[in-house]
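Residue numbers (this note's numbering): 98 to 423.
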Amino acid sequence: MTGKICGTGSFAPSFTMDNHDIAKLVETSDEWIQERTGVVRRHIIREETTVSMAAEAGKRALDNAGMSAKEIDLILVSTISSNVVLPCAACEVQKELGAVHATCFDLSAACTGFVLAYNTAMAYLASGVYQNALIIGSESLSNLTNWEDRGTCILFGDGAGAAVVRACDQKAYIPVTHSDGARGAALSCTSRYDKSGLAGNVDPQEWMEDRYLMQMDGRAVFKFAVKSVPQAVEELLEKNQVEKEEIAWYILHQANRRIVESVAKRLGESIEKFPMNLQEYGNTSSASIPILLDEMNRKGLLKRGQKIVLAGFGAGLTWGASLLEW
Ligand code: ACO
Numbered sequence: 098m099t100g101k102i103c104g105t106g107s108f109a110p111s112f113t114m115d116n117h118d119i120a121k122l123v124e125t126s127d128e129w130i131q132e133r134t135g136v137v138r139r140h141i142i143r144e145e146t147t148v149s150m151a152a153e154a155g156k157r158a159l160d161n162a163g164m165s166a167k168e169i170d171l172i173l174v175s176t177i178s179s180n181v182v183l184p185c186a187a188c189e190v191q192k193e194l195g196a197v198h199a200t201c202f203d204l205s206a207a208c209t210g211f212v213l214a215y216n217t218a219m220a221y222l223a224s225g226v227y228q229n230a231l232i233i234g235s236e237s238l239s240n241l242t243n244w245e246d247r248g249t250c251i252l253f254g255d256g257a258g259a260a261v262v263r264a265c266d267q268k269a270y271i272p273v274t275h276s277d278g279a280r281g282a283a284l285s286c287t288s289r290y291d292k293s294g295l296a297g298n299v300d301p302q303e304w305m306e307d308r309y310l311m312q313m314d315g316r317a318v319f320k321f322a323v324k325s326v327p328q329a330v331e332e333l334l335e336k337n338q339v340e341k342e343e344i345a346w347y348i349l350h351q352a353n354r355r356i357v358e359s360v361a362k363r364l365g366e367s368i369e370k371f372p373m374n375l376q377e378y379g380n381t382s383s384a385s386i387p388i389l390l391d392e393m394n395r396k397g398l399l400k401r402g403q404k405i406v407l408a409g410f411g412a413g414l415t416w417g418a419s420l421l422e423w
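In structure tokens, the structure reads:
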């Protein structure tokens with residue numbers, strides 16, 4: 098027993114900021130951002146929230162699967178930027194969709210989050226605990242972005258993507274996942290609610306202080322990504338006795354065009370197998386893989402039987418790769 102994706106959906110806010118807009122906030126240029134990252138514009142929330150985007154992406158995935166919310170018995174939302182601490186975003190999505198039979202909880206693993214949500218759903222489906230899972234990655238990173246830091250504000254965007262995974266009787270693949278908390282300082286963000294002494298009682302005046310916003314050692318994250326992702330993919334293929342020639346698509350977390358190109362090169366695979374949409378969305382953390390999956394599905398690029406690798410990497414540090422058959 099395993100699971101199969103039978104529907105996808107996504108949502109992006111209509112408000113966008115292009116690189117010229119960013120260049121009005123910090124010392125940078127469209128040329129620099131495009132050359133170093135590949136990003137051209139990003140969608141940013143206005144009225145939307147992490148929960149509202151998650152619910153809309155989930156609704157679209159259900160429509161695409163031709164299923165009713167009442168058939169879903171598990172909802173997982175992967176997010177690091179929820180607008181609610183309690184109840185969890187997944188319970189809020191359940192309420193919006195009327196998925197009354199679902200068990201709901203959130204996962205937090207930054208840009209690896211959707212891969213881990215997929216693996217978690219697959220493990221539950223494989224063991225027969227649940228039959229129909231709705232997995233969602235939704236992020237409002239603009240709330241965590243330091244709009245005065247040119248090293249980070251050029252990269253991130255908001256959005257949500259979702260997939261419906263249904264239990265089915267076919268070959269199960271083993272995923273590869275890794276974490277290294279010792280390197281966590283490379284990408285961090287302190288909670289505004291932390292009263293441990295590190296953050297102290299938060300004065301509203303300090304709300305936008307750097308420590309409550311994302312901090313990143315860009316070079317360290319870049320080096321980690323280009324080394325760890327190809328290794329994880331090689332490990333995944335070896336574990337599952339699958340050859341590279343059998344892989345139709347590598348759907349990577351959309352962080353930076355140069356990272357995707359470097360991973361393709363290190364794997365000795367054609368860049369044609371590595372679709373990208375980061376030029377339109379920037380890095381949307383756990384939403385990037387399902388948004389790209391949904392775009393490819395709706396364009397008719399995904400054919401039944403194709404083998405696809407999903408690979409995520411990010412804060413934690415966390416990284417991993419999963420193999421699926423469309
Ligand atoms: N515009 C113009 N110049 C800039 C900018 C900018 N936005 N940012 C940095 N620079 C300058 C620097 O000051 C530096 O100048 P100097 O040589 O005079 O000191 C020069 O450009 C090079 O800076 P680097 O930081 O080395 O630039 P790099 O080529 O590494 O690009 C970037 C920076 C784009 C952040 C890159 O390191 C990167 O993409 N890293 C990975 C980030 C990532 O993927 N993070 C997300 C992980 S997912 C998650 O979990 C959220």
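The beta carbon of each residue, even a glycine, is placed where N, CA and C say it ideally should be.
Just how far apart, CA to CA, sit residue i and residue j?
i: ARG424; j: PRO327; result: Residue coverage of the chain in this structure runs from 98 to 423, which leaves residue 424 outside it and unanswerable.
i: VAL181; j: ALA220; result: 27 Å
i: GLY294; j: THR287; result: In this prediction, GLY294 scores a pLDDT of 48, lower than 50, which makes its location untrustworthy; no coordinate-derived value is stated.
i: ALA218; j: TRP244; result: 35 Å
i: PRO301; j: VAL330; result: Low local confidence applies: a pLDDT of 48 at PRO301 is under 50, so the model's placement there is unreliable, with the coordinate-based value given in what follows. PRO301 and VAL330: Cα-Cα distance of roughly 45 Å.
i: GLU366; j: VAL137; result: 25 Å
i: ALA361; j: GLY100; result: 27 Å
i: ILE102; j: THR125; result: 41 Å
i: VAL226; j: CYS265; result: 13 Å
i: LYS396; j: THR105; result: 12 Å
i: LYS268; j: GLY402; result: 12 Å
i: ALA296; j: LEU310; result: Here ALA296 scores only 46 on pLDDT, less than 50, and its place in the model should not be relied on; the value that follows carries that caveat. When rounded, the distance between both Cα atoms is 12 Å.
i: TYR347; j: GLN131; result: 22 Å
i: THR209; j: ALA259; result: 15 Å
i: LEU183; j: VAL148; result: 12 Å
i: ASN216; j: GLN351; result: 19 Å
i: SER285; j: LEU238; result: 13 Å
i: ALA199; j: GLY256; result: 23 Å
If I follow the unbroken alpha helix (DSSP H) through residue i, where does it start and stop?
i: TYR221; result: 210-223
i: MET393; result: 385-395
i: ASN161; result: 147-162
i: ILE130; result: 127-134
i: TYR378; result: 375-378
i: LEU254; result: With the sequence shown as reference, residue 254 is identified as Gly, and Leu is not the correct amino acid for it. Neither: GLY254 is in no alpha helix (DSSP H) and is coded neither H nor E.
i: PHE321; result: 315-336
i: ALA361; result: 354-364
i: ILE119; result: 116-119
Starting from the Cα of residue i, find the closest Cα among the options and give me that residue.
i: LEU375; options: ARG354, ASP391, ALA187 and SER367; result: ARG354
i: ALA109; options: GLU366, LEU420, PHE410 and GLY379; result: GLY379
i: GLU422; options: GLU145, VAL357 and ASN337; result: ASN337
i: LEU222; options: ALA207, ILE141, LEU398 and ASP170; result: ASP170
i: ARG133; options: SER359, THR176 and ASN229; result: SER359
i: ARG263; options: THR242, ASN240, LYS320 and SER165; result: SER165
i: LYS370; options: GLY210, LEU398 and SER237; result: LEU398
i: GLU145; options: GLY278, GLY254 and GLN312; result: GLY254
i: ILE368; options: LEU349, VAL190 and MET114; result: LEU349
Just to confirm, does residue i get its C-beta within under 6 Å of one of the non-hydrogen atoms of ligand 2?
i: ALA282; result: Questions concerning ligand 2 fall outside what the structure shown contains, since the ligands it does hold are ligand 1.
Taking a contact to mean a Cβ-Cβ separation below 7 Å, would you say residue i touches residue j in this structure?
i: LEU414; j: ARG316; result: no
i: VAL406; j: LEU390; result: no
i: HIS140; j: ASP127; result: no
i: VAL318; j: ALA283; result: yes
i: SER107; j: ILE344; result: no
i: ALA384; j: GLU193; result: no
i: ILE177; j: SER205; result: yes
i: VAL339; j: ARG247; result: no
My understanding is that residue i touches residue j, with C-beta atoms under 8 Å, so please give their C-beta distance in whole angstroms.
i: ALA187; j: VAL197; result: Between VAL197 and ALA187 the Cβ distance is about 14 Å, and since that is not below 8 Å, they are no contact.
i: SER179; j: ASP203; result: 7 Å
Between which two residues does the beta strand (DSSP E) carrying residue i extend?
i: LYS192; result: Premise fails: LYS192 lies in the alpha helix (DSSP H), 186-194, not in any beta strand (DSSP E).
i: ASN229; result: 229-237
i: ARG139; result: 138-140
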